[in-house]
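S.K.:
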Amino acid sequence: MDLLNNMLGFILSFVQMVLVWGVVVMTFVAGFAVLKKRKKTTCPSGPVGLPFIGSLHLLGDKPHRVISKWRETYGDIFSVQLGRKEVVVVASWEGFKEGLLAERAPFLDGNTSTGFQVESIQNGRAKRAGTPTVQTQRSKTPDDINDLTLRERVTAQRMLLWSQMPEVTTDGLIDTVDSSERKTQEAIFEVITSEIRYLNSLDILINNFVNAKEFEGDKSPLSKMDRHHLFSNLTAVRDTSERIVKALEERWQENCIMEDICEVILEHASKYFDVYVTYCSNQIYQDRSLSKLSKDKQFKEILAKLEKNPEVQRMSMASYLKQPMQRITRLPLLVDAIHKRLIEGTDRHTFASKAKSLLQKIVKKCNEGARKMERTEQMVEISNQLDFNNVKKIPLISGSRYLVTQGQVPSVVVTDAGSLPRKKRAIRKLRHLFVFNDIVMITKRKKDDKYVVLDYGARPPIKVSEIDKNQISGHEKLPLGVPSGCDHLFALTFADEHQTKNDYYVFGCESVVARENWVQAITKAEEINEYEAIGNICSETVDMTKEIENQISLASRDFADDFRVMEDETFDPRTLVTRTTFKLVLSLLFGKKSDISETDQQVLSSLALDENVGFMSLWGKFDSKGYRRLKQSAATPEQQDILRNIIKEQKESFSKSKVTTILDCILQQCYSSKTEETVSDELLLKEVKEIFGSAYETASLYILWTIVYLVRNQEVQTNMRDELRNIVADRPVSLDDRQSLPYTMATLLEVQRIACVDPFFLSRAIGSNCAFQGCSIPKDTSVLFNIWGLHHNETYWTDPLQFDPSRFLDETNQLIKPEHFFHVSSMSRLSTGDNMCQMMIFMFIARLVTLVSVQPSDEDKVPSEDEKYMFTIRPEPFKVNVEGSPLMASTNRRQSSLLRKGALRKGSPSLKKTPSPVESLADSTSSNISTDPDNLTV
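Residues 0 to 937 in numbering that gives the first Met the number 0 are what the sequence shown lists, from first letter to last.
Quick look at the structure:
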């Protein structure tokens, strides 16, 4: 009985224990299920009231993929932690359009970019970034948007495309016009909207600066002369713009399908546009007055106060003062965009032709007025520097004389130590040549920028000739040979008018290219056309178009040649790619790369060769202590010190009359609106690092990713080569070929879609409290736009992980822009580095495919699509083989070397016309004029 009782007790205890533990387990399971469900549906709100996910730095080795998946759970907008700062992540196309493409004022106000750009690198001039658009109207809802006038809608940045205007979309009006007419109307509408924005900018300038009480009265720092030089006939310019805006709005009210806009422009240009000639001719006095006043403490304080006004949009007064010159130069391009879409022989085409021709003539007059004053000032400055001691003095200043080029060159001089020939010897002495349009002057530089005139002669009859090495021995004028350091010789023969000791002068150059440039500059007595078609225009006075294009072309040729010499070998292309792009960017930024020591170059190049390269693209985007520590761990103090020293040296040696590098362009922009003391080295360092990030790192990675996908997709590589064979034939490919190579461009864009090396490269800092994507975001919040997630979203893309260039081609194999593709060209302003990056990618890959066929290292091993994430997305290490392409087998290498003739070198003059002050100040937004939303301009 006791045994039975014990057994029953044990069984009851066991059942009780099982029940207890069962309840405990079920409780834990239920709790875990609830927590898991809550995790899927809700998340604690951060300071900005959005789902807060966690720290961006704790998401594993592929945070871009993790964040992209979060969109499925948490929606299109949420927040994460970056260092000690919470940032908002946007992953939807609607968010991109609202935050980036529409460029809403709160986002623009807080833009983290430093702002200096060599905008439209095709023309390579520096520009202070900014937008003339004003945000003075209250934000209206769709219900009352139709109550706004056209100017109010444009001012509020509402529906800036013709095809999106309610007058066009209602009643199916847009369906009544064909594709060609729609593109024409978009081009017409661009003229109207841009003129309205320009008028708004003039209103801001007049209301906030010209009519400022601080600039009036006896206590004003401006004298009457200063005021006249600064503002000139600005009120008349503003009235002219208001007239044309009023006329264009009336045409819009009559019929939103506008037929006679060019007739309106023609009428107003013929009657009123002389005010632009007056304004532009005053530019040199305007610049001089602004430079003088910038040293006045009272003026600086008042100007700083006025520029802080929110209505000024954080732009400087100098930026507003340049806008009339920008506008008059941009107008011919806008009209040309209409003209080329019209049917020849029609009245519309005739009026467009007349309007375009008249605008070009007006621009020419503006250029002539500004150039004449600028040349006169330059000649006065040179005249004051010349010392005629032993030669007859001539009046240098003339209405028709201007400087073509100048520079220092070594000269072969024979010493006259004694009467015996054995005591004479040839030595090297530096001489400074001034080449004017009608005379050539040989001088010797003294201290304090003074020059002693040794001789001069008229051109013609000056004779110039090249002396090759094999001609030196036995040359009657060089019996003692030439000293060391005098290579690539050329000789000048002056008519013996002044009875000087020698009328035969021999000079040396550092390269054949430099010699050819000097010879052409001296012999080519041609009249420079005052007006050129300005295709892509920027806003400062130094034209580096050909220099940049030539350097990129030459670097791409050398890059392809380096691949070709590796034929039949297996090698890793990463070092070759990063080395070539590094040297190119270094040369464009700072000039001749040999000026920087090899040790410093090696330290700087490690930014891309090391695994820490990725820090470049995110430098300066977030102001948080945690992120600053992260940046410092990637950027060594030694690397930053090298860049600081280079910038400091170039600032000290900078001369406005000799601008040859991108850093020179940036310095010129700084000094055009600021005194030297206020130009911060740290600001310049930040800009240089951003250019390195875009042009060096990003270009290198995209070139590598393109090689990866070309090796993995041999058919694509073959199609590119066939297209190049048809278009380029046996000549070197050039940047101008891009429009004729749709498949090649589609391939490059598909690589940028699928690889997306900088998945969070676009960020904005909110400048004021705003509503965004249905959320209220406070001031100073940073917003990240997840481009990788956008480009790999199955909602927008079919099989997004599949490499397919045909996404960017229509049925006729013409280049198109898919609706949900976000490219840097989608932005209204491209940075210097972005422009350089796109040019480098095209030239390097096109040249590579032209010369060689890139193959897998062996049949069983192709480059992996797997990526490594270190702020940027880079391919895993891989190796390739190359085979010679038959496309360029018959190309004469001499043809390729002709590109070198356009490349500038230190000490050699540029033969390209120096742009007029008006041309150089054209609106940079016209650098890629494309009013067609279906047409992608890269």
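Beta carbons: idealized from backbone N, C-alpha and C, even for Gly.
Would you report the Cα separation of threonine 183 and leucine 341, rounded to the nearest angstrom?
M.R.: 7 Å
S.K.: Which runs of the alpha helix (DSSP H) spanning at least 4 residues fall entirely within the stretch 428-474, listed in chain order?
M.R.: Within the stretch 428-474, the complete alpha helix (DSSP H) runs of at least 4 residues are 468-471.
S.K.: With DSSP collapsed to three states, give me the class of asparagine 5.
M.R.: helix
S.K.: Look at the alpha carbon of isoleucine 256 and the alpha carbon of asparagine 210, and state the distance between them as a whole number of angstroms.
M.R.: 39 Å
S.K.: Between glutamate 310 and isoleucine 203, which are expected to be in contact by the criterion C-beta below 8 Å, what is the C-beta distance as a whole number of angstroms?
M.R.: 6 Å
S.K.: Give me the residue from Ser510, Val584, Ala490, Val511 with the minimum Cα distance to alanine 502.
M.R.: Residue identity differs from the one stated: residue 502 is aspartate in this sequence, not alanine. Among Ser510, Val584, Ala490, Val511, the Cα nearest to that of aspartate 502 belongs to Ala490.
S.K.: Okay, do the stretch 331-341 and the stretch 243-255 touch, 3+ Cβ pairs below 8 Å being the bar?
M.R.: The stretch 331-341, when compared against the stretch 243-255, does not touch it at the 8 Å Cβ threshold.
S.K.: Hey, quick one: how far does the beta strand (DSSP E) through leucine 395 stretch, first residue to last?
M.R.: Unbroken run through leucine 395: none, as it is neither H nor E.
S.K.: Grab me the residues of arginine 892's own chain with a C-beta within less than 6 Å of its C-beta, minus the 5 sequence neighbours each way, in chain order.
M.R.: Low confidence applies to arginine 892: its pLDDT is 41, below 50, so where it sits in the model is not reliable enough to give any reading.
S.K.: Does the stretch 433-445 come into contact with the stretch 362-372, if we say contact requires no fewer than three beta-carbon pairs (one atom in each stretch) closer than 8 Å?
M.R.: no
S.K.: Could you check the C-alpha separation between glutamate 882 and aspartate 567 for me, to the nearest Å?
M.R.: 7 Å
S.K.: What number of angstroms, rounded off, separates the C-alpha of tyrosine 284 from the C-alpha of isoleucine 264?
M.R.: 30 Å
S.K.: Given this structure, state the Cα-to-Cα distance separating cysteine 755 from glutamate 380, to the nearest angstrom.
M.R.: 51 Å
S.K.: For leucine 395 versus glutamine 377, is the C-beta spacing smaller than 7 Å?
M.R.: Cβ atoms of leucine 395 and glutamine 377: not closer than 7 Å.
S.K.: In whole angstroms, what separates the C-alpha of isoleucine 690 from that of methionine 838?
M.R.: About 14 Å.
S.K.: Going straight from the alpha carbon of threonine 598 to that of threonine 579, what length do you get?
M.R.: Their Cα atoms are separated by approximately 17 Å.
S.K.: Pairing CB atoms from the stretch 729-737 with CB atoms from the stretch 790-801, are three or more of them under 8 Å?
M.R.: no
S.K.: Identify whether alanine 425 lies in helix, strand or coil by the three-state DSSP scheme.
M.R.: When secondary structure is reduced to three states using DSSP, alanine 425 falls in the strand class.
S.K.: Residue range of the beta strand (DSSP E) that tyrosine 695 falls in?
M.R.: No beta strand (DSSP E) contains tyrosine 695, which DSSP labels as neither H nor E.
S.K.: In the DSSP assignment, the alpha helix (DSSP H) including glutamate 194 goes from what residue to what residue?
M.R.: 178-204
S.K.: Taking contact to mean 3 or more Cβ pairs, one atom from each stretch, closer than 8 Å, check whether the stretch 348-368 and the stretch 277-294 are in contact.
M.R.: Between the stretch 348-368 and the stretch 277-294, the count of Cβ pairs shorter than 8 Å is three or higher; the stretches touch.
S.K.: Who are the near neighbours of valine 167 in its chain, counting only those whose CB is closer than 7 Å to its CB and skipping five residues on each side?
M.R.: Trp161, Ile173, Cys255
S.K.: Quick check: cysteine 485 and threonine 697, are their CB atoms within less than 7 Å of each other?
M.R.: no
S.K.: According to the Cβ coordinates, are leucine 587 and isoleucine 641 closer than 7 Å?
M.R.: no
S.K.: Measuring alpha carbon to alpha carbon, tell me which residue in Ile786, Thr175, Asp386 is nearest methionine 440.
M.R.: Among Ile786, Thr175, Asp386, the Cα nearest to that of methionine 440 belongs to Asp386.
S.K.: Mapping the DSSP letters down to three states, classify phenylalanine 784 as helix, strand or coil.
M.R.: strand
S.K.: Could you say if the stretch 344-356 and the stretch 259-275 meet the contact criterion of at least three C-beta pairs nearer than 8 Å?
M.R.: yes
S.K.: Would the beta-carbon of threonine 522 fall within 7 Å of that of serine 856?
M.R.: no
S.K.: So, under 8 Å CB-CB, asparagine 812 and glutamine 854 are touching, yes? Tell me the CB distance rounded to an integer number of Å.
M.R.: Contact flag wrong, Cβ pair sits at about 26 Å.
S.K.: Asparagine 383 to glutamine 600, Cα distance in whole Å?
M.R.: 41 Å
S.K.: With the cut-off set at 7 Å, would you say glutamine 405 and leucine 429 are in Cβ contact?
M.R.: no
S.K.: Relative to the C-alpha of proline 165, which residue among Val176, Asp177, Arg152 is closest?
M.R.: Arg152
S.K.: Suppose the cutoff is 8 Å on Cβ atoms and the five residues either side in sequence are ignored; what does the same chain contact list for isoleucine 646 look like?
M.R.: Leu662, Asp680, Leu683, Leu684, Val687
S.K.: Just verifying my parser: in three-state terms, what is the DSSP assignment at phenylalanine 562?
M.R.: helix
S.K.: To which residues of the same chain is glycine 48 closer than 6 Å at the C-beta, ignoring the five residues directly before and after it?
M.R.: Low confidence applies here, because glycine 48 scores a pLDDT of 47, under 50, leaving its location unreliable; read the following figure in that light. Cβ contact annotation for glycine 48 (same chain, cutoff 6 Å, sequence separation greater than five): none.
S.K.: Going by C-alpha to C-alpha distance, which of Leu703, Leu847, Ile726 sits closest to proline 876?
M.R.: Leu703
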